[in-house]
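Engineer: Starting off with a structure, shown below.
In full-length UniProt numbering, the protein residues as written are 1 to 430.
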């Protein structure tokens, strides 16, 4: 683990971890975001000495000095408590930072750490023993996926001037090879994440969690995943009437202990959690066995040629695979025409294709062709504009597709990683 310099000293710890394609950084600030958003299995929260924890409110995120979260409301064992929460990557960081002798931490009621250790409690101010919670075994995703998602959020708001300059210096063939390489790496990562979820939840459970997560968009992914854990697919299948579904959705959004999780700020009406929950309830009511339907549908799709004999451009591949007809079948036979537009394409590319490939590794390469040449889905317009400016997409032969945008994203992530570890090395030299 390394420490980076910065104001305040808190939230500056960073773990360097070996991932699927090299090392990646996991900063303490990302752990704080995970706590704030509730991106873990809240049903299984227990202190290191075995007491159940219920989060009534995670607290106010404190970006200044002192504990990371102020005024959290928790039930620990049989006791209802209000106080501060401090987060670290390792339990030993509490001692290293001298918190046990710092009066600013006298109101801490819970110490949350990412990595497990031998500690059972944390020594608090005045000799108190603080409950210790280890989050790593309870996370919805593995650490590399969290780090990648956080990087995507940052990149969505970054200017692309430098990216254009660097990529425009490549020849057309070299540019396509570079983006294709990164696209394939992204594909293998997505299969890895999907397989991890299937291993943990089973096929139907993985499909259920994935669908709700994607319908949640960025703002409500965490509460959607928490909801999927509390209310499995079997619960939704029982909602056979419109009044039943409406009452169920109303009850979910009205739960006072969970209301802090939902975000409607900056969310378009079509993406409001109420709208998306209604859609999923209607979808499952009409297609209760949709995870098994997904397997059957893929078995009926046209076979795409292997790489050696495959058409070279997206337009030819889409014609051979009859992509538009296949898209219509996904919309109808799987989603009951409840989900459409770019969100359907995102659901297919980020959800259905990786799940299918993780389920049947022998067909992962073929499914990867579908994934790379599928319709773009929800992609920032400035990324598409950059790809058009580079002539990667555009015209009849090369319409916008998922693979080109994922290749660009992979390239951007790789460049950010170079910068990140370059800064790390520079920091160690100074």
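Beta carbons are placed, not taken as given, at the ideal position from N, Cα and C, and that holds for glycine.
Taking the straight line between their C-alpha atoms, what separation do you get for residue 116 and residue 240?
Structural biologist: Roughly 44 Å between the two C-alpha positions.
Engineer: Rounded to whole angstroms, what's the CA-CA distance from residue 319 to residue 402? Just pull it up for me.
Structural biologist: Spanning the two alpha carbons is a distance of roughly 16 Å.
Engineer: Considering only C-alpha positions, which residue in the set 130, 101, 61 and 64 is nearest to residue 91?
Structural biologist: Of the listed residues, the one whose Cα sits closest to residue 91 is 130.
Engineer: Considering residue 75, what are the terminal residues of the beta strand (DSSP E) in which it resides?
Structural biologist: 69-76 is the span of the beta strand (DSSP E), which, as asked, contains residue 75.
Engineer: Closest by CA to residue 228, which one among 374, 63 and 39?
Structural biologist: When only C-alpha atoms are compared, the closest one is 39.
Engineer: Looking at the secondary structure, which residues open and close the beta strand (DSSP E) in which residue 294 lies?
Structural biologist: Premise fails: residue 294 lies in the alpha helix (DSSP H), 290-300, not in any beta strand (DSSP E).
Engineer: What residues are listed by DSSP as bridge partners for residue 398?
Structural biologist: DSSP lists 394 as partners of residue 398.
Engineer: What residue from 209, 374, 201 and 86 has the CA that sits closest to residue 226's CA?
Structural biologist: The candidate whose alpha carbon is nearest that of residue 226 is 209.
Engineer: Tell me where the alpha helix (DSSP H) around residue 369 begins and ends.
Structural biologist: Note, residue 369: alpha helix (DSSP H), 364-373.
Engineer: Mind pulling the beta strand (DSSP E) runs of 3 or more residues that sit fully within the region 113-153?
Structural biologist: Runs found: 121-123 and 129-134.
Engineer: Run through DSSP, which three-state label would residue 80 get?
Structural biologist: Residue 80: strand per DSSP, three-state reduction.
Engineer: With distances taken Cα to Cα, identify the nearest neighbour of residue 196 among 78, 294, 363 and 140.
Structural biologist: Of 78, 294, 363 and 140, the residue nearest in Cα terms is 140.
Engineer: Let's test the definition: count the other Cβ atoms within 10 Å of the Cβ of residue 166 and tell me whether it reaches 16, buried, or not, exposed.
Structural biologist: Label assigned to residue 166: exposed.
Engineer: Count the other CB atoms, across all protein chains shown, that sit within 10 Å of the CB of residue 15; report buried if there are 16 or more and exposed otherwise.
Structural biologist: Residue 15 should be labelled buried.
Engineer: Using the C-alpha atoms, what's the distance from residue 340 back to residue 360?
Structural biologist: Going by the C-alpha atoms only, they are around 26 Å apart.
Engineer: What does a CB cutoff of less than 7 Å around residue 349 pick up in its chain, not counting 5 residues either side in sequence?
Structural biologist: If we look at residue 349 and ignore the five residues flanking it on each side, its Cβ neighbours are 371, 374, 377 and 402.
Engineer: Applying the criterion that 16 or more other CB atoms from any shown protein chain within 10 Å of the CB defines a buried residue, is residue 89 buried or exposed?
Structural biologist: Label assigned to residue 89: buried.
Engineer: For residue 109, name the three-state secondary structure that DSSP assigns.
Structural biologist: Strand.
Engineer: The beta strand (DSSP E) spanning residue 16 covers which residue range?
Structural biologist: Where residue 16 is concerned, the enclosing beta strand (DSSP E) stretches over 13-19.
Engineer: Using CA coordinates, which residue listed in 28, 293 and 246 is at the minimum distance from residue 274?
Structural biologist: Comparing Cα positions, the closest option is 246.
Engineer: In its own chain, which residues sit with a C-beta less than 7 Å from the C-beta of residue 224, not counting the 5 before and 5 after it?
Structural biologist: So the qualifying residues of the chain are 212, 213, 215 and 216.
Engineer: Ends of the beta strand (DSSP E) at residue 164?
Structural biologist: No beta strand (DSSP E) contains residue 164, which is instead part of the alpha helix (DSSP H) from 161-168.
Engineer: Taking the C-alpha atoms as reference points, what is the distance between residue 36 and residue 60?
Structural biologist: Going by the C-alpha atoms only, they are around 8 Å apart.
Engineer: DSSP state of residue 27, grouped into three classes?
Structural biologist: Residue 27 falls in the strand class under three-state DSSP.
Engineer: Taking the alpha carbon of residue 133 as the point to measure from, which residue in 148, 118, 144 and 113 has its own alpha carbon closest?
Structural biologist: With distances taken between Cα atoms, residue 133 lies closest to 113.
Engineer: Enumerate in chain order the residues of its own chain whose CB-to-CB distance from residue 321 is below 6 Å, with the five nearest sequence positions on each side excluded.
Structural biologist: 302 and 304.
Engineer: Using the DSSP secondary-structure output, state which residues sit across from residue 61 in a beta bridge.
Structural biologist: 69.
Engineer: Confirm, please, whether the CB-CB distance from residue 272 to residue 281 is below 8 Å.
Structural biologist: Contact: no.
Engineer: Expressed to the nearest angstrom, what Euclidean distance is found between the alpha-carbon atoms of residue 399 and residue 317?
Structural biologist: In a straight line, the C-alpha of residue 399 is about 11 Å away from that of residue 317.
Engineer: If you measure between the beta carbons of residue 182 and residue 411, is that distance less than 8 Å?
Structural biologist: It is a contact, given that the beta carbons lie within the stated cut-off.
Engineer: I'd like the list of long-range same chain contacts for residue 17, defined as Cβ closer than 7 Å, with 5 residues on each side in sequence excluded.
Structural biologist: 23, 24, 26 and 143, listed in sequence order.
Engineer: May I ask you to verify whether the region 144-156 touches the region 384-395, counting CB pairs closer than 8 Å and requiring at least 3?
Structural biologist: The region 144-156 vs the region 384-395: no contact.
Engineer: Are the beta-carbon atoms belonging to residue 284 and residue 230 less than 8 Å from one another?
Structural biologist: For residue 284 and residue 230, no; Cβs fall outside 8 Å.
Engineer: Taking just the CA atoms, how far does residue 125 sit from residue 105?
Structural biologist: Each residue's Cα considered, the two are about 7 Å apart.
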